[in-house]
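Colleague: My structure is below; once you've seen it, I'll send some questions.
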């Protein structure tokens, strides 16, 4: 290990090695076994399309409504380099850390020769304090911030608080991330806002960096998040809310949203722009929600704060099917989240066009833009059942 440290110093003289202590080998701290998630909720798919994508979505959503949430593995790493621009983590031996590499592969081709060595050599700053890394490169999207980053922090909160771990906050994240962390009781001096490539002497992380809790959420971790955020689920919810995509992370829009909003408002829905609400306001709003509707997107992640049996109405553009490849993870994330939360789920699939894409690993590109035309007949049909 000392040889690795000295090699790092030779590669970058601005980084000083700690020669007064013996740094232990990386070790797995804990493993939480995976769980099977099922629910008796109602799942419906409404569409007037006749396309291959509709058939694909039917198979994805209706043939298997449950899933297996995988093990959560927490690790403590020493002398690793974090590239905050891509999310890569490079181990002392020059290998890419596997959990961080999956999301990173959408921002950089991880198959490039000598990529890991180049990242290590480029480290110009250092974090000497013990730290935790929970925010992967896609946590600029609210759903990933909440279900991956904040859930990982909730899971480790006792260790973070009792042992005073610093929280690594990549600079690319919206400013409100820091505001949420302070609101949750972490003082500003506990946050390390950083950018570029950073040598982290002592870093804890988990395989939640893969985005797994967004795609296959664990009910115990969601319960942990509610406790962490002091979220109370209203026993008698009554509000109907329609979520706009104002201030959204991804370029997806509906051409006829004015008409769509009018239909929902005629059925007692409030128009809400979550991006302009504080974190606490979002928690309180969703805790009172009986029905949640809107164009497919991250704002739906707040359903974790809604009571059981809430009704979710997902206005999904046709080109969301296959947008992230053929794994089915992106198409099923709301289906799986409704299972974890015991919510009823209705998808209205509407025609759309996409410019660019699809988004695939090791083929980094700008997010493809989707413009949809929401199927108003399908919307009216669903609204009459409420």
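Numbering (full-length UniProt numbering), first residue to last: 1 to 386.
Glycine is no exception: its CB is placed at the ideal position from the N, C-alpha and C atoms.
Given the structure is predicted, the values throughout are model-derived calculations rather than measurements.
Beta-carbon within less than 7 Å of residue 117's beta-carbon, same chain only, minus the 5 sequence neighbours each way: which residues are those?
Modeller: For residue 117, where only same-chain residues beyond five positions count, the Cβ hits under 7 Å are 94.
Colleague: Are residue 233 and residue 268 touching if we call contact CB-CB under 8 Å?
Modeller: No, the pair does not count as a contact, with Cβ atoms beyond the cut-off.
Colleague: Flag this pair as yes or no: are the beta carbons of residue 314 and residue 48 separated by less than 8 Å?
Modeller: Cβ atoms of residue 314 and residue 48: not closer than 8 Å.
Colleague: Just confirm the distance between the C-beta atoms of residue 303 and residue 337, as a whole number of angstroms; I'd bet it's less than 8 Å.
Modeller: At roughly 6 Å, the Cβ-Cβ gap stays under 8 Å, so residue 303 and residue 337 are in contact.
Colleague: Where are the beta strand (DSSP E) runs, 3 residues long or more, that stay fully inside the stretch 72-150, in chain order?
Modeller: The qualifying runs are 72-83 and 125-132.
Colleague: Can you tell me whether DSSP reads residue 329 as helix, strand or coil?
Modeller: Correct three-state label for residue 329: helix.
Colleague: Could you spell out the range, first to last residue, of the alpha helix (DSSP H) harbouring residue 56?
Modeller: Element bounds for residue 56: 52-62.
Colleague: Here's a check: name, in chain order, each residue in its chain whose Cβ is nearer than 7 Å to the Cβ of residue 169, leaving out the five neighbours to either side.
Modeller: Cβ within range, chain order: 135, 177, 178, 191, 192 and 193.
Colleague: In the DSSP assignment, find the unbroken alpha helix (DSSP H) run with residue 221 in it and report its ends.
Modeller: Unbroken alpha helix (DSSP H) run through residue 221: 219-228.
Colleague: Report the start-end ranges of each alpha helix (DSSP H) in the stretch 226-275 that is 4 residues or longer and not cut off at the edges.
Modeller: You should have 257-265.
Colleague: In whole angstroms, what separates the C-alpha of residue 227 from that of residue 143?
Modeller: Those two C-alpha atoms are separated by around 18 Å.
Colleague: For my contact list, residue 358 and residue 106 are in at a C-beta cut-off of 8 Å; report their separation, rounded to the angstrom.
Modeller: No, residue 358 and residue 106 are not in contact; Cβ-Cβ is about 11 Å, not under 8 Å.
Colleague: Can you name the residues that DSSP bridges to residue 293?
Modeller: Answer by DSSP bridge pairing, in chain order: 242 and 313.
Colleague: Along the chain, where does the alpha helix (DSSP H) containing residue 379 start, and where does it finish?
Modeller: Start and end: 376-383.
Colleague: Whose CA, out of 344, 287, 86 and 246, lies closest to the CA of residue 172?
Modeller: Minimum Cα distance to residue 172 is reached at 86.
Colleague: Do you know offhand how far residue 146's Cα is from residue 51's?
Modeller: Looking at the two C-alpha atoms, the distance is approximately 33 Å.
Colleague: Within 10 angstroms of its Cβ, does residue 79 collect 16 or more other Cβ (buried), or is it exposed?
Modeller: The residue in question, residue 79, is buried, as its Cβ has 16 or more Cβ neighbours within 10 Å.
Colleague: Got a sec, what are the start and stop residues for the beta strand (DSSP E) residue 285 sits in?
Modeller: From DSSP, residue 285 is part of no beta strand (DSSP E) but of the alpha helix (DSSP H) over 279-287.
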